[in-house]
């Protein structure tokens, strides 16, 4: 055995004191996603300091998350569209028309045409199903023109942006429509549109079990097929950090309480004694956040575990090779736009529920923030590169900028300026990174 003293100077110290880079490499975490999480934390910290320490409160953070939910949901679909070397500029207009359809269905069409009054149970579910079908139909139409007719996606969806927004006006004659079902309004979040304290802790516990189970499952599969294993300390560290993060977010959400007057009325209606300080009810995770979590999991599963997702990435990486490999590329592209339509319908439900109706400007500028979220999250316009979690984090980064600027008094034009600059910087960074790695 070689003598330790014979080792080159510094080798022993290097082995006994691994660098931070080597430790991060051992954990195999995505450094880009990790960097985005740090950037998100930095943005929130800066705006919290600028606001005198008033931004980073449970109520504000829950409001920010609910506002970002619609953008995050659509951004998961925009990843696949951009990965396939296409674009969809019509998402904002599609959200607007479906939100208006939801409002008209529940206030006019269902009761007056189909005789489904407010006493009909699950009437909101019927409206939601119709909205999703309309979204899928618009997506199929645009996808067919792009994939089978051969019109560039930029032109098709730009036409959709203009024409669909015009249809919103014709549907409502330029007027706002309000008065949705109370059950449908719960999709917009708020005090009653949330899981509550106990259910939030249950969801957090399930999340912790899922994190630990997934780490153990992946380690077992690596051992079975002879792949290199992560160090045990790295597995433990990932599990502990993941569980602490989930439980911390749950505790922060439960620190957000119902308004005192609403909580006291709830207590009086249920014959609950009201303490001197008022009755307190934790809101927990809002329903829009639960929708974001569910959509993210499903979309990540489709993108990484199903043939459809592999086909999208294969086409985006090399369209000619995908054709020669026997992939039905036209059908694959059409399905990405159908999926976008469905996701727009879900985002429209959240938007309409939050407003208790719809107006002409619902969904306006969504396309800017959705595309920016996908690109900031690492999706490349060159095709073939992009992740679903990255787009979701990108959506929260963009919404944090908008919410923080609004919180400190910057008007809407100023927010658009910042969003545009961030988009240009993100695309520029992507181009620089591709040149550097090529």
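Numbering (my numbering), first residue to last: 793 to 1230.
Note that beta-carbon positions come from the ideal geometry of N, C-alpha and C, so glycine has one too.
- The DSSP assignment places complete alpha helix (DSSP H) segments of no fewer than 4 residues inside the stretch 1117 to 1167 at 1121 to 1147, in order along the chain.
- The continuous alpha helix (DSSP H) containing residue 990 extends over residues 989 to 1017.
- Straight-line measurement puts the Cα of residue 1209 at about 11 Å from the Cα of residue 1216.
- Spanning the alpha carbons of residue 821 and residue 1015 requires a straight line of approximately 19 Å.
- Taking C-alpha positions only, residue 936 is separated from residue 1126 by approximately 6 Å.
- Nearest in C-alpha terms to residue 1044, of all of 1075, 1027, 1059, 1064, is 1075.
- Between the alpha carbons of residue 977 and residue 837 lies a distance of about 32 Å.
- Judged by beta-carbon spacing, residue 1144 lies within the 8 Å limit of residue 895, meaning their Cβ atoms are closer than that value.
- The stretch 1196 to 1209 makes no contact with the stretch 896 to 913; the number of CB pairs closer than 8 Å stays below 3.
- Note that the C-beta distance between residue 1133 and residue 981 is not below 8 Å.
- Taking a cut-off of 8 Å on C-beta distances, the stretch 1184 to 1195 touches the stretch 1156 to 1172, as three or more cross pairs fall below it.
- DSSP lists 986 as the bridge partner or partners of residue 1078.
- Residue 851 sits exposed, since fewer than 16 C-beta atoms from the chains shown fall within 10 Å of its C-beta.
- The beta-carbon distance between residue 1094 and residue 960, rounded to whole angstroms, is 30 Å. This is too long to meet the 8 Å contact definition.
- For residue 1064, no alpha helix (DSSP H) run applies, since DSSP gives it neither H nor E.
- Boundaries of the alpha helix (DSSP H) harbouring residue 1044: 1024 to 1046, taken from the DSSP string.
- An exposed status is given to residue 1023, since fewer than 16 other beta-carbon atoms sit within 10 Å of its beta-carbon.
- By the C-beta criterion, the stretch 867 to 874 is judged to be in contact with the stretch 1094 to 1114, since at least 3 inter-stretch pairs fall below 8 Å.
- Residue 1072 and residue 1214 have their C-alpha atoms spaced approximately 40 Å apart.
- The beta carbon of residue 856 is closer than 7 Å to those of 1191, 1192, 1195 in its chain, skipping five residues each way along the sequence.
- Take residue 840, set aside five residues on each side of it, and the residues of its chain with a beta-carbon closer than 8 Å to its own are 846, 847, 848, in chain order.
- Within the stretch 838 to 897, the complete alpha helix (DSSP H) runs of at least 4 residues fall at 850 to 875, 883 to 896.
- For the 8 Å CB-CB criterion, residue 1000 and residue 1032 do not form a contact.
- Per DSSP, the beta bridge partners of residue 1049 are 1074.
- In this model, residue 1224 and residue 827 are separated by some 17 Å (Cα to Cα).
- The three-state reading of DSSP puts residue 945 in helix, counting H, G and I together.
- With a threshold of 16 other beta carbon atoms within 10 Å, residue 1203 falls short and is exposed.
- The beta carbons of residue 1176 and residue 825 sit no closer together than 8 Å.
- The three-state reading of DSSP puts residue 1090 in helix, counting H, G and I together.
- In this structure residue 1042 touches residue 993 by the C-beta definition: roughly 6 Å separates them, less than 8 Å.
- Rounded to the nearest angstrom, the gap between the Cα atoms of residue 985 and residue 1058 is 14 Å.
- Around the beta-carbon of residue 812, fewer than 16 other beta-carbon atoms lie within 10 Å, marking it exposed.
- Between the C-alpha atoms of residue 1165 and residue 1070 there is a straight-line separation of about 41 Å.
- Residue 970 carries a strand assignment under DSSP once its states are collapsed to helix, strand and coil.
- Burial is judged here by how many other beta carbons sit within 10 angstroms of a residue's own beta carbon; residue 970 has fewer than 16 and is exposed.
- The three-state secondary structure of residue 1193, taken from DSSP, is helix.
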